[in-house]
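Novice: Shown below is the structure under consideration.
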Amino acid sequence: MKRDGANISYWQDTSEWCDFKEVVQQNDYDVVIIGAGLTGITTGLMLQKAGKNCLIVEANTFGFGTTSGTSAHLNTVLDTPYCDLIANFGKENAILSANAAKEALKIIFNHVQEFEISCDFAYCDGYMYATNEDEEKELKKIYDAILEVGLKVTYTDDIPGPMDKTKAIKFEEQGRFHPLLYLQALVEEYEKLGGDIRERTTVTEINEENNRQRVTVDNGTNYHADAVVYATHTPPGTHLLTFKLAPYRSYVMGFRLKDDNQYPEDLIYDMQDPFHYFRKATYQNQNILLVGGQDHKTGQHPNPEFNFVILEAFVRKHYAVEEVVYRWSSQYYDSTDGLPYIGYFPGKKSKQQFVATGYSGNGMIFSTLSAKIISDLIVNGSSEYEKLFSPGRIKPIAGFSNFITENFNVAKHLILDRLTIDKIDDLADLAKGEGKIVDYQKHTIGLYKDSEGTLLAVDPVCKHAGCIVQWNNTEKSWDCPCHGARYAPNGDLLTGPATEGLCTYNLDEGDE
Ligand code: FES
Numbered sequence: 101m102k103r104d105g106a107n108i109s110y111w112q113d114t115s116e117w118c119d120f121k122e123v124v125q126q127n128d129y130d131v132v133i134i135g136a137g138l139t140g141i142t143t144g145l146m147l148q149k150a151g152k153n154c155l156i157v158e159a160n161t162f163g164f165g166t167t168s169g170t171s172a173h174l175n176t177v178l179d180t181p182y183c184d185l186i187a188n189f190g191k192e193n194a195i196l197s198a199n200a201a202k203e204a205l206k207i208i209f210n211h212v213q214e215f216e217i218s219c220d221f222a223y224c225d226g227y228m229y230a231t232n233e234d235e236e237k238e239l240k241k242i243y244d245a246i247l248e249v250g251l252k253v254t255y256t257d258d259i260p261g262p263m264d265k266t267k268a269i270k271f272e273e274q275g276r277f278h279p280l281l282y283l284q285a286l287v288e289e290y291e292k293l294g295g296d297i298r299e300r301t302t303v304t305e306i307n308e309e310n311n312r313q314r315v316t317v318d319n320g321t322n323y324h325a326d327a328v329v330y331a332t333h334t335p336p337g338t339h340l341l342t343f344k345l346a347p348y349r350s351y352v353m354g355f356r357l358k359d360d361n362q363y364p365e366d367l368i369y370d371m372q373d374p375f376h377y378f379r380k381a382t383y384q385n386q387n388i389l390l391v392g393g394q395d396h397k398t399g400q401h402p403n404p405e406f407n408f409v410i411l412e413a414f415v416r417k418h419y420a421v422e423e424v425v426y427r428w429s430s431q432y433y434d435s436t437d438g439l440p441y442i443g444y445f446p447g448k449k450s451k452q453q454f455v456a457t458g459y460s461g462n463g464m465i466f467s468t469l470s471a472k473i474i475s476d477l478i479v480n481g482s483s484e485y486e487k488l489f490s491p492g493r494i495k496p497i498a499g500f501s502n503f504i505t506e507n508f509n510v511a512k513h514l515i516l517d518r519l520t521i522d523k524i525d526d527l528a529d530l531a532k533g534e535g536k537i538v539d540y541q542k543h544t545i546g547l548y549k550d551s552e553g554t555l556l557a558v559d560p561v562c563k564h565a566g567c568i569v570q571w572n573n574t575e576k577s578w579d580c581p582c583h584g585a586r587y588a589p590n591g592d593l594l595t596g597p598a599t600e601g602l603c604t605y606n607l608d609e610g611d612e
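Residue numbering for the sequence shown is 101 to 612, as defined by the working numbering.
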């Protein structure tokens, strides 16, 4: 099965995927859902269960995006610490967000039980540890806030890993699973309930007509529905949310350990910036240690591949490693105020278009929560979480400084990336496997030479809003530093918010 990067994730390697689906029998639905990751499939399943008739349209294949690249932690202690959520949203809303995360975890557990899904699901504890006085102070704030929102947390001297620590906390009732085995089972249940799916189909246009949505796809077919859900990780195009989301890459490695007793049953986090996360996964009785971290803004690291070197050295300091078996990276989006945007798409004429995005590092929990909120809004017209997660919310204090920082960062890349381009005189100067933005014969070109020596050339101007893309040397992609669009070496679109691929150059003729 395919993913939006060249490295094979552990999840991809341990899943057998069902046949590709593209034929559907009708054009009229209650809901069209765009995107077949965990958000889209769970939303479809919940709506079918509620008696709605859905079509899921996927530009690539199931789980092509972050569902295949996640580390699949199931947390109720979220990436945005509860002390920040209390400060930004008030205690009552911080409690509501903790309850929402608990409900999402319960939904996943209930699906596993109801459909008897064999996906390595386990409830487990979470541990966070400090290594110095500053981290201890921060840990105390985090501990107090977790207590305040009503989750179970204790100080502990005993964490399930060989890390040096000065203090640690333990929070209960977290979880882990295999996201693609879970997704696959949900797809099957969705189809049993009569839901339709079209893979490798791109939505090109959505229009509102007579209070209904007309969804046009790339072969010209029109589908009609009462509602449309954007379950596309980041919604396509330019709109209010574009300026309230920041794209990040995170790196994950899989290790076989020399000592089988060293695999932790629980989830472990350190407090470095960016932090590291540890968990075990098991497939066909073989354990693996998954460790992630080294997060950075998308398209803003000079040598993404080097992150694996640092991560491996970090893990070898703590564990006796037998071998490194997996390494991959994946993308997530931070919102400016610390909570995702889930609900009515802001700025749309009617309340018939829905969006879910900005999950930070809690994609599995928030995608499930999105399915719950959006299906409740469609079926019942309301959700208890509607206001808190509303994509149209305005948090002048909480989000403003992040909003300014992120958009200054975009403006900087829009201008400066054009001024720092290397000039090359001969295309042979590029090594095999290397990608680079260069000035060549008065053109700015994104050049990639594959392992056979074949050169691919693209116009590096991002099709979303005109920033210059950067070469990602580990996932072999062109990544945009502004809003995170990503493209294959030949310019094909991998992920939005752009809606089309990069222009290409024919190097033989020098023509675009
Ligand atoms: Fe917005 Fe590239 S993703 S300019």
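Quick reminder that beta carbons are idealized off the backbone N, C-alpha and C, glycines included.
In the DSSP output, which residue or residues are listed as bridge partners for I306?
Specialist: Its beta-bridge partners are V315.
Novice: Does the distance from the C-beta atom of V303 to that of V287 stay below 7 angstroms?
Specialist: No, the Cβ-Cβ distance between V303 and V287 is not below 7 angstroms.
Novice: Would DSSP call K624 helix, strand or coil?
Specialist: Summary: the structure shown does not reach residue 624, with the chain confined to residues 101 through 612, and so no result is reported for it.
Novice: Can you give me the C-alpha to C-alpha distance between S80 and K417, rounded to a whole angstrom?
Specialist: Outside the modelled stretch of the chain, which goes from 101 to 612, sits residue 80, for which no answer is possible.
Novice: Any heavy atom of the ligand FES closer than 6 angstroms to the beta-carbon of A230?
Specialist: It does not: the Cβ of A230 is nowhere closer than 6 angstroms to a heavy atom of the ligand FES.
Novice: Among R427, P581, Y548, E552, which residue has its Cα nearest to the Cα of H564?
Specialist: Selected option, being the one with the closest Cα: P581.
Novice: From G163 to I141, what does the alpha carbon distance come to, in whole angstroms?
Specialist: Distance between the alpha carbons of G163 and I141 is about 9 angstroms.
Novice: Using a threshold of 7 angstroms, state whether the C-beta atoms of Y243 and I269 are closer than that.
Specialist: Contact: yes.
Novice: Report yes or no: do three or more beta-carbon pairs, one from the region 399-417 and one from the region 287-297, lie closer than 8 angstroms?
Specialist: Too few Cβ pairs lie closer than 8 angstroms, so no.
Novice: Can you give me the C-alpha to C-alpha distance between D529 and F375, rounded to a whole angstrom?
Specialist: Their backbone Cα atoms lie some 38 angstroms apart in a straight line.
Novice: Does the structure place the region 436-453 close enough to the region 362-375 that three or more beta carbon pairs sit under 8 angstroms?
Specialist: Contact between the region 362-375 and the region 436-453 is absent, because fewer than three Cβ pairs lie under 8 angstroms.
Novice: Just jot down, in chain order, the residues whose CB lies closer than 5 angstroms to any heavy atom of the ligand SAM.
Specialist: As presented, the structure is devoid of the ligand SAM, carrying the ligand FES as its sole ligands.
Novice: Could you tell me the distance, in whole angstroms, from the CA atom of A531 to the CA atom of S171?
Specialist: Going from the Cα of A531 to the Cα of S171 covers about 32 angstroms.
Novice: Does any C-beta atom of chain C lie closer than 7 angstroms to the C-beta of G320?
Specialist: Protein chain content of the structure displayed is limited to a single chain, and chain C is not contained in it.
Novice: Considering just the uninterrupted stretch of the alpha helix (DSSP H) at K563, what are its terminal residues?
Specialist: Counting along the chain, K563 falls outside any alpha helix (DSSP H), and DSSP gives it neither H nor E.
Novice: Spell out the partners DSSP gives I269 in its beta bridges.
Specialist: Its beta-bridge partners are M228, Y255.
Novice: Give the list of continuous beta strand (DSSP E) stretches no shorter than 3 residues that lie fully inside the region 126-185.
Specialist: DSSP runs (the beta strand (DSSP E)) wholly in the region 126-185: 131-134, 154-157.
Novice: Report yes if the CB atom of L280 is closer than 7 angstroms to the CB atom of W428, and no otherwise.
Specialist: The answer is no: Cβ separation not under 7 angstroms.
Novice: Can you give me the Cβ contacts of I186 inside the same chain, cut-off strictly under 8 angstroms, excluding the 5 residues immediately before and after it?
Specialist: Same-chain partners within the cutoff: A194, A245, E248, V249.
Novice: Between E214, P440, S470, which lies nearest to G461 when the distance is taken from Cα to Cα?
Specialist: Of the listed residues, the one whose Cα sits closest to G461 is P440.
Novice: Using the three-state DSSP reduction, which class does W117 fall into: helix, strand or coil?
Specialist: W117: coil per DSSP, three-state reduction.
Novice: Beta carbon of D395, beta carbon of Y323: below 7 angstroms?
Specialist: No, these two residues do not count as a Cβ contact at 7 angstroms.
Novice: Would you give the residue range spanned by the beta strand (DSSP E) that N210 belongs to?
Specialist: From DSSP, N210 is part of no beta strand (DSSP E) but of the alpha helix (DSSP H) over 191-214.
Novice: Classify V409: buried if its beta carbon has 16 or more other beta carbons within 10 angstroms, exposed otherwise.
Specialist: With fewer than 16 other Cβ atoms within 10 Å, it is exposed.
Novice: Return the residue from the list T321, G596, D550, S435 that minimises the CA-CA distance to D128.
Specialist: Checking every option, the nearest Cα to that of D128 belongs to T321.
Novice: For N572, which of helix, strand or coil comes out of DSSP?
Specialist: The answer is strand: DSSP assigns N572 an E or B state.
Novice: For V391, list the residues DSSP reports as bridge partners.
Specialist: DSSP lists M353, F378 as partners of V391.
Novice: I need the straight-line Cα distance from F189 to E484, nearest angstrom please.
Specialist: Near 16 angstroms, if we compare the C-alpha coordinates of E484 and F189.
Novice: Tell me T595's beta-bridge partners as DSSP assigns them.
Specialist: DSSP lists R586 as partners of T595.
Novice: Is it the case that the region 327-344 contacts the region 378-386, given that we only count it when at least three CB pairs across the two stretches are under 8 angstroms?
Specialist: Contact fails: fewer than three Cβ-Cβ distances are below 8 angstroms.
Novice: Where does the unbroken beta strand (DSSP E) through T398 begin, and where does it stop?
Specialist: Here T398 belongs to no beta strand (DSSP E), and DSSP marks it neither H nor E.
Novice: Tell me the rounded alpha-carbon separation between I537 and Q570.
Specialist: Roughly 7 angstroms between the two C-alpha positions.
Novice: Quick one: is F489 buried, meaning 16 or more other Cβ sit within 10 Å of its Cβ, or exposed?
Specialist: It counts as buried.
Novice: So what does Q384 bridge to, in DSSP terms?
Specialist: Its beta-bridge partners do not exist; DSSP assigns none.
Novice: Going straight from the alpha carbon of T398 to that of G165, what length do you get?
Specialist: Between T398 and G165, the C-alpha separation is close to 15 angstroms.
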